[in-house]
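J.: Each residue of the sequence shown is one higher than the last, beginning at 362 in the numbering used here. My questions will all concern the structure given below.
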Amino acid sequence: MDLIGRALYDYTNDRFLDQLAGVQWNDCCYGLQLVWRRWIDDSGTARIDNDVTEHGIFLRFVLKGLGGVGGDAGDYFEQAVPGYRATAF
């Protein structure tokens, strides 16, 4: 079992910009990823009052050798978390 977490905090405006926590399980025949994420969706204006907080729970289930259902969280983690390398299912 693998665990991952990350938080980006804006000290100027006293708020979290992005938070995530995830767990991954690999077995001989299947793999499972479950990720919770909370992030600020920038409204594109100068006012932070217009920004919207989004939440998501993302699940991916893979039967090894057959493919999977759900988006690959590993792609996002590789971009967002320094040093993260995706585990091949």
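Ideal Cβ placement from N, Cα and C applies to all residues, glycine included. In this text the structure is predicted, and so the values were computed from the model without any measurement.
1. Quick one: grab the DSSP three-state call for residue 402.
2. Could you tell me if the beta carbon of residue 380 falls within a distance shorter than 7 Å of some heavy atom in the ligand MG?
3. Should residue 396 go down as buried or exposed, given a rule of 16 or more other Cβ atoms within 10 Å for buried?
4. DSSP three-state call for residue 375: helix, strand or coil?
5. The beta strand (DSSP E) spanning residue 424 covers which residue range?
T.: Taking the geometry as given:
1. Three-state DSSP puts residue 402 in a strand.
2. The ligand MG is not part of this structure, which contains no ligands at all.
3. The residue is buried, with at least 16 neighbouring Cβ atoms inside 10 Å.
4. coil
5. 413-424
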